[in-house]
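Take the sequence shown: its letter number 39 is residue 168 in my numbering, and every next letter is one higher. C-beta atoms are modelled at their ideal positions from N, C-alpha and C, and glycine is treated no differently. Every value quoted in this text rests on a predicted model; they were computed, and no experiment measured them. One structure below.
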Amino acid sequence: MKRTNILALDYGTKYIWLAYWNQRSSMTMPIGTFMNDQYVIFNLWATLERYAIWKVVLWYPKQHKGLQSKIDTLIEQLCFVEKKLEIVKVDEEYTSVQAAATLDSQKKTLADDTVAAMHILEYYLKTI
């Protein structure tokens, strides 16, 4: 299967939220949430396969050095399991705020961060 789609990750210490862009439909869709545990790399690899992903776009916080280190480790692991994967770091600090506005919610939920992953991807697609 030809890999044509793009995956977005919103990294958190407990969860990783995902969305993807489908080349055929040119739509950004939420995928859901994974626990950020010892199985996360296997779950992400399965997602790469299932959704025919060739590129991963992820939020890379310029203000949070501790998270940067954890994200860098995740990137190394992803590149190890999928050698031809292209990874793009996006510096977009306001996706959670945008997600809350999109969902019109006053209390943060898991859905907010899934929508934040969609905003990360849409932000990236506007800049390429």
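With fewer than 16 other CB atoms across the displayed protein chains lying within 10 angstroms of its CB, Ala175 is exposed. In the three-state DSSP reduction, Thr162 falls in the strand class (E or B). Assignment of Ile204 by DSSP, reduced to helix, strand and coil, places it in the helix class.
Judged by DSSP in its simplified three-state form, Tyr189 adopts coil rather than helix or strand. His248 counts as buried, since at least 16 other C-beta atoms from the protein chains shown sit within 10 angstroms of its C-beta. Relative to the Cα of Asp166, the nearest Cα in the group Met156, Ile145 and Met158 belongs to Ile145. Thr243 counts as buried, since at least 16 other C-beta atoms from the protein chains shown sit within 10 angstroms of its C-beta.
In the assembly as shown, Phe209 is an exposed residue. Its beta-carbon has fewer than 16 other beta-carbons within 10 Å. Within a 10 Å sphere around the beta-carbon of Ile257 sit fewer than 16 other beta-carbons, which makes this residue exposed. Sorting Leu214, Val217, Lys199 and Tyr252 by C-alpha distance to the C-alpha of Val169 places Lys199 at the top.
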